[in-house]
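Data block below; observations after.
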Amino acid sequence: MLDNSCDILDHNFVTAILCINLAQGMADTLEIIKCSMSFEIEGSAKPVDVVFELYPKLLPKTCANFLALCLGGLSLCGRKMQYKNSYLHEIVPDWCVVGGDFLNGNGTGGRSIFHGNEFEDESFHAVDYDQAGLLCMLSHGPNTNTSLFFVTLKPAEWINKLYVAFGKVVENLSGLRALAAEAGSCSGIPKKPVKILSCGPM
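Residue 80 in the UniProt record's numbering sits at position 80 of the sequence shown; the count goes up by one each step and never skips.
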């Protein structure tokens, strides 16, 4: 269990400040940001490369949080805060893939760049929910966003007002669906480990 009193900049102050400033600067000035994420199924020779579009105009804080965790360079209580080298902890074929727990790897270790704290739901109007490939924050109630995220593999209008969608897949949704079919299960417990090899703005 992490002590939330720890400073999020305790690992490398300069790197952390640069990372957060870059992410927030991009989120504050750009209407659309493209971000890549590469997934590796254990034992597979070829990674699955996916490209997201993020929408920071309505969701600057949410997008800055996601981008900063893609860039890395942060830590909390001596633990690295980054998506790279973390694992998807839930994969359900034909529904979604879930990740972002770089601390515990099971969905209990979400932390934001805002001193590790949960942050508010900025908007539910950035993306139409009647489409597949939505990039959403995974929360456990209103205004409880951290680092946890999920990507839908089919339209899911019912999640509107429940989970903040701040982007969508614009390249290789078919590859992500194939990954879920191979590595996922009906229970959500991955049949094969899936690691985030790399990620970041394009």
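Just so it is clear, CB atoms sit at the ideal spot from N, CA and C, and this is done for glycine as well.
**OP:** With a threshold of 16 other CB atoms inside 10 Å of the CB of residue 126, please say whether the residue is buried or exposed.
**Re:** Answer is buried; the Cβ neighbour count reaches 16.
Subject >> Residues that residue 79 bridges to, as DSSP identifies them >> reply: 76
**OP:** Tell me where the alpha helix (DSSP H) around residue 173 begins and ends.
**Re:** The continuous alpha helix (DSSP H) containing residue 173 extends over residues 173-183.
Original post:
Would residue 186 be called buried (16 or more neighbouring beta carbons within 10 Å of its own) or exposed?
Top reply: The residue is exposed, with fewer than 16 neighbouring Cβ atoms inside 10 Å.
**OP:** Just grab the DSSP bridge partners of residue 132 for me.
**Re:** Looking at the DSSP assignment, residue 132 forms no beta bridge with any residue, so it has no partner.
**OP:** With distances taken Cα to Cα, identify the nearest neighbour of residue 174 among 26, 48, 42, 35.
**Re:** Checking every option, the nearest Cα to that of residue 174 belongs to 48.
**OP:** Return the chain-ordered list of same chain residues with a C-beta closer than 8 Å to the C-beta of residue 168, the five sequence neighbours on each side being excluded.
**Re:** 52, 53, 127, 131, 133, 134, 135
Original post:
Hey, how far is the Cα of residue 206 from the Cα of residue 188?
Top reply: Nothing in the structure corresponds to residue 206, since the chain is present only between 1 and 202.
**OP:** With DSSP as the reference, label residue 54 as helix, strand or coil.
**Re:** strand
Subject >> Pairwise C-alpha distance: residue 66 and residue 178 >> reply: Going from the Cα of residue 178 to the Cα of residue 66 covers about 24 Å.
**OP:** Figure out for me which residue from 158, 87, 114 has the closest Cα to the Cα of residue 149.
**Re:** Of 158, 87, 114, the smallest CA-CA separation from residue 149 is found for 87.
Subject >> N-terminal and C-terminal residue of the beta strand (DSSP E) that residue 146 is part of >> reply: Looking at the DSSP string, residue 146 is not in any beta strand (DSSP E), and its letter there is neither H nor E.
Subject >> Rounded distance between the beta-carbons of residue 113 and residue 58, thought under 8 Å >> reply: Residue 58 to residue 113, Cβ: 19 Å. No contact.
Original post:
Within 10 angstroms of its Cβ, does residue 229 collect 16 or more other Cβ (buried), or is it exposed?
Top reply: Coverage of the chain is limited to positions 1 through 202, which leaves residue 229 absent and any answer about it impossible.
**OP:** Specify, as a first and last residue, the run of the alpha helix (DSSP H) that residue 66 falls within.
**Re:** Per DSSP, the unbroken alpha helix (DSSP H) holding residue 66 starts and ends at 60-71.
Original post:
Given a threshold of 16 other Cβ atoms within 10 Å of its Cβ, counted over all protein chains shown, does residue 140 qualify as buried or as exposed?
Top reply: exposed
Original post:
Do you know whose CA, among 157, 40, 121, lies nearest residue 194's CA?
Top reply: 40
**OP:** Can you tell me which of the three DSSP states residue 25 falls into?
**Re:** Of the three classes helix, strand and coil, the one that applies to residue 25 here is helix, per DSSP.
Original post:
With a Cβ-Cβ cutoff of 8 Å, do residue 171 and residue 143 count as a contact?
Top reply: Their beta carbons are not under 8 Å apart, which means residue 171 does not touch residue 143 by this criterion.
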